[in-house]
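A short write-up of the structure that comes next.
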Amino acid sequence: MSLGEKLYRLRTERGIYQKELAAELHMSISGISSYENDIHVPDIKTLEKMARYFHVSTDYLLGRVEYMAPIDDMEKKLIDRYTVADLMDTIIELSLERRQDLLNYLCLLKSSENSESK
Numbered sequence: 736m737s738l739g740e741k742l743y744r745l746r747t748e749r750g751i752y753q754k755e756l757a758a759e760l761h762m763s764i765s766g767i768s769s770y771e772n773d774i775h776v777p778d779i780k781t782l783e784k785m786a787r788y789f790h791v792s793t794d795y796l797l798g799r800v801e802y803m804a805p806i807d808d809m810e811k812k813l814i815d816r817y818t819v820a821d822l823m824d825t826i827i828e829l830s831l832e833r834r835q836d837l838l839n840y841l842c843l844l845k846s847s848e849n850s851e852s853k
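In this text, residue positions in the sequence shown follow the numbering used here: the first is 736, and each later residue adds one.
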């Protein structure tokens with residue numbers, strides 16, 4: 736999916752018009768349109784504004800990753816003193832076999848939680 740397609744989808748999912756987004760980003764409607772139609776590519780400052788406004792990462796907008804959340808989310812506390820980044824680092828350090836075990840365990844936990852909530 737191109738940057739323009741992502742921008743269009745993010746905007747329409749929030750139910751806002753190009754005019755509203757243009758006002759938020761301090762730019763013209765035609766500028767928004769040209770980005771959504773992949774005619775032009777935003778400069779770095781505009782890309783940052785878009786990412787901040789939609790609460791996604793610039794890497795997501797550029798198509799480098801599929802994970803939408805901005806890097807700031809990596810510092811969110813999950814439990815006690817552990818952040819998302821702490822857990823990611825720990826997972827990366829595991830062997831491939833242990834990562835598969837962890838994935839299987841997480842799927843089991845999720846399935847169990849879903850069963851309990853019904």
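Glycine residues also receive a C-beta, built at the ideal position from the N, C-alpha and C atoms.
Everything numeric in this text was worked out from a predicted model, so none of it was measured.
> Out of curiosity, what's the CA-to-CA distance linking R787 and I827?
Replying inline: 28 Å
>> Rounding to the nearest angstrom, what Cα-Cα distance links S768 and E810 in this structure?
In response: Their Cα atoms are separated by approximately 34 Å.
> Applying the criterion that 16 or more other CB atoms from any shown protein chain within 10 Å of the CB defines a buried residue, is R692 buried or exposed?
Replying inline: Here the chain comprises residues numbered 736 to 853, so residue 692 is not present and cannot be evaluated.
> On the premise that M785 lies in contact with L760, defined as a C-beta separation below 8 Å, what is that separation, rounded to the nearest angstrom?
Replying inline: Sure, about 7 Å apart at Cβ, within 8 Å.
>> Rounded to the nearest angstrom, what separates I806 and S850 at their Cα positions?
In response: 33 Å
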